[in-house]
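Peer 1:
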Amino acid sequence: MAGVEIQPMAPMLPMVPPFVGMPAMPRTPEQHLFASLSKLPKEKDTEKSMNEAAEMLNNAALALKRRRCLVAVDEVPGFVRTVYTLLNVCDPEIISWSDDGTKIVIKSSDRFAREICPKFFRHRNFNSFTRLLNMYQFHKVPSSRRESKDVCFEHPHFQRGREDLLPLVQRKGAQLMREELVARELLEHSALGAVAALESALQPLHPHHEAPACAADSNGWMHRMSDLEAQVRVLKAENDRLKQLEAERDALKHQLKSQADLIAALQAQSTVFGALNSLAARHRDDSVAEVTDDDSKGDDAPNNADINEMIHQMSGVGAMAVMFGVLGNQPDLPALPAADDHPEPEPSPKRQKTC
Numbered sequence: 001m002a003g004v005e006i007q008p009m010a011p012m013l014p015m016v017p018p019f020v021g022m023p024a025m026p027r028t029p030e031q032h033l034f035a036s037l038s039k040l041p042k043e044k045d046t047e048k049s050m051n052e053a054a055e056m057l058n059n060a061a062l063a064l065k066r067r068r069c070l071v072a073v074d075e076v077p078g079f080v081r082t083v084y085t086l087l088n089v090c091d092p093e094i095i096s097w098s099d100d101g102t103k104i105v106i107k108s109s110d111r112f113a114r115e116i117c118p119k120f121f122r123h124r125n126f127n128s129f130t131r132l133l134n135m136y137q138f139h140k141v142p143s144s145r146r147e148s149k150d151v152c153f154e155h156p157h158f159q160r161g162r163e164d165l166l167p168l169v170q171r172k173g174a175q176l177m178r179e180e181l182v183a184r185e186l187l188e189h190s191a192l193g194a195v196a197a198l199e200s201a202l203q204p205l206h207p208h209h210e211a212p213a214c215a216a217d218s219n220g221w222m223h224r225m226s227d228l229e230a231q232v233r234v235l236k237a238e239n240d241r242l243k244q245l246e247a248e249r250d251a252l253k254h255q256l257k258s259q260a261d262l263i264a265a266l267q268a269q270s271t272v273f274g275a276l277n278s279l280a281a282r283h284r285d286d287s288v289a290e291v292t293d294d295d296s297k298g299d300d301a302p303n304n305a306d307i308n309e310m311i312h313q314m315s316g317v318g319a320m321a322v323m324f325g326v327l328g329n330q331p332d333l334p335a336l337p338a339a340d341d342h343p344e345p346e347p348s349p350k351r352q353k354t355c
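As C-alpha cells, this is what we get:
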C-alpha cells in the first residue's frame with residue numbers, strides 16, 4: 001500500500017497474509033508453472049523453447065478453468081504470468097529484460113506482433129498488447145539508449161527473478177479491491193473483541209424486550225401480506241368478470257348489427273316487390289285498354305315496341321331486387337326474364353267489315 005516499503009521475501013511466498021480462520025494456501029498452479037519453466041533447458045533453439053512455453057501456459061489456463069473457483073488475492077493474473085514467461089523464453093532480439101531487470105524492452109514491435117502475439121495472445125496487434133500493459137498499470141518509459149526505437153515498459157512489482165512480487169501486479173480495480181479486503185479484514189479482527197464486549201454489556205439491560213418486539217413486527221407483516229393477497233384475488237376475479245361482460249357486449253352489438261342489416265334488406269325487397277306489382281298491374285290495364293280500343297276501332301294489333309319497353313323496365317327493377325338481396329345472408333330475389341325471353345304476342349286478326 002501507499003507509503004509502505006515492501007521488504008524482500010523468499011521466493012514463492014504470498015505477499016498478503018491469510019485471512020483469519022483461513023488455512024495456509026496450497027501451492028498454486030502458477031507456482032508449479034514457474035518451477036517447470038525454470039527447469040527448461042537453455043537451448044539454442046529459441047523456436048522450440050517458445051513452443052514448449054506456450055503449451056505449458058495453455059495447460060495451466062485449462063487447469064484454472066477446470067477448478068471453477070474464485071480467484072485468490074495472492075494469485076498471479078494470467079496476462080502477467082504470460083508476459084513474465086515470454087521474457088524468459090523468447091528471442092532477446094525481439095523482447096528482453098533491461099540491464100537492471102526492472103523494465104520490459106521490446107526491440108522490434110513488428111516482429112513481436114508477427115511472431116510472438118499469435119502464439120501467446122491469439123492476435124497480431126501490438127497496440128492491443130500495449131493497452132493490456134496499461135490496464136495492469138505498466139507505464140511506458142523512454143529507452144536508455146538514445147536514437148533507439150526500443151519500446152520500454154516498467155512496473156514497480158514486475159522485476160526479473162522476483163516471482164514473489166507478481167501477485168501484486170493487478171488491474172486497477174483489482175488492486176483497489178485487494179487493498180480494501182486487507183483493510184476490512186484487519187478492521188474486523190481488531191473490532192471483534194470490542195463488539196463482543198459491548199454485546200455482553202448490553203444484553204442484561206434488555207433481556208426480554210427485543211425478541212417480543214421482533215415477533216410482533218413479524219406477525220403484523222404476515223397479516224398485512226395476507227390482506228394484500230386477498231385483495232389481489234378479489235381484484236383478479238373482478239377483472240375476469242369485466243372481461244366476460246365486455247365479450248358479451250361485443251357479441252350483442254354484432255347480433256344487433258346483423259338484425260339491422262336484415263331489416264334493411266327486407267324493406268328493400270318489400271319496396272321492390274311493390275314496384276313490381278304496380279308495374280305488372282299497369283301493364284295489364286294498358287294491354288286490356290289497347291286491345292279493347294283496337295277491337296272497337298278495327299285498327300292494327302297493339303304496339304309491340306311499347307310492350308317491350310315496359311318489360312325491359314320490369315327487368316331493371318328485378319336486377320335491383322337481386323342487388324338488394326346480397327345484404328346479410330338473405331336469399332336473392334328471382335330476376336324477371338329479359339325482354340328477349342318473352343315471345344311477342346301475335347297480332348289479332350282484323351275483323352272483316354261486313355257490308
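Under full-length UniProt numbering, the sequence shown has 266 at position 266, and the numbering climbs by one with no breaks.
Even glycine gets a Cβ: it sits at the ideal position worked out from N, Cα and C.
Since this is a predicted model, take the numbers as computed values, not measurements.
1) Residues in the same chain with beta-carbon distance under 6 Å from Val326, minus the five sequence neighbours each way, listed in chain order, please.
2) Which of helix, strand or coil does DSSP assign to Phe79?
3) Answer yes or no: do Ile95 and Phe153 have a C-beta to C-beta separation smaller than 8 Å?
4) Considering only residues of the same chain and omitting the five flanking positions on each side of Val141, which have a CB-CB separation below 8 Å?
5) Using CA atoms only, rank isn't needed, just tell me which of Lys149, Met135, Glu163 and Glu55 is closest to Arg81.
6) Among the candidates Phe126, Leu266 and Tyr84, whose CA atom is the shortest distance from the CA of Gly101?
7) Would you call the CB atoms of Cys117 and Asn127 closer than 8 Å?
8) Taking Cβ to Cβ, would you say Pro167 is nearer than 8 Å to Val76?
9) So Ser144 packs on Ser98, CB below 8 Å; how close in whole Å?
10) What are the complete alpha helix (DSSP H) segments, minimum 4 residues, inside the UniProt domain "HSF-type DNA-binding" (75–172)?
11) Report all residues from its chain with a CB closer than 8 Å to the CB of Arg171; omit the five preceding and five following residues, and keep chain order.
12) Just how far apart, CA to CA, sit His223 and Asp217?
13) What is the rounded straight-line gap between the Cα of Lys257 and the Cα of Lys243?
14) Measure how close the beta-carbons of Ala54 and Phe120 come, nearest whole angstrom, since I'm counting them as under 8 Å.
15) Can you check which of these residues, Val169, Ala113, Leu266 and Arg131, is closest to His123 by C-alpha distance?
16) Assign Met225 to buried or exposed, taking buried as 16 or more other Cβ atoms, counted over all protein chains shown, within 10 Å of its Cβ.
17) Just the Cα atoms here: how many angstroms apart are Thr271 and His283?
18) Using the beta-carbon count (16 or more within 10 Å), is Ser148 buried or exposed?
19) Which term fits Ser278, buried or exposed, when burial requires 16 or more other beta carbons within 10 angstroms of its beta carbon?
Peer 2: Working from what's here:
1) The predicted model places Val326 with a pLDDT of 44, which falls under 50 and marks its position as unreliable; any figure quoted below should be read in that light. Around Val326: no qualifying Cβ.
2) helix
3) no
4) Lys103, Cys152, Phe153 and Glu154
5) Glu163
6) Tyr84
7) no
8) yes
9) 7 Å
10) 78–89, 117–120 and 126–135
11) Pro77, Met135, Tyr136 and Gln137
12) 10 Å
13) 21 Å
14) 6 Å
15) Ala113
16) exposed
17) 18 Å
18) exposed
19) exposed
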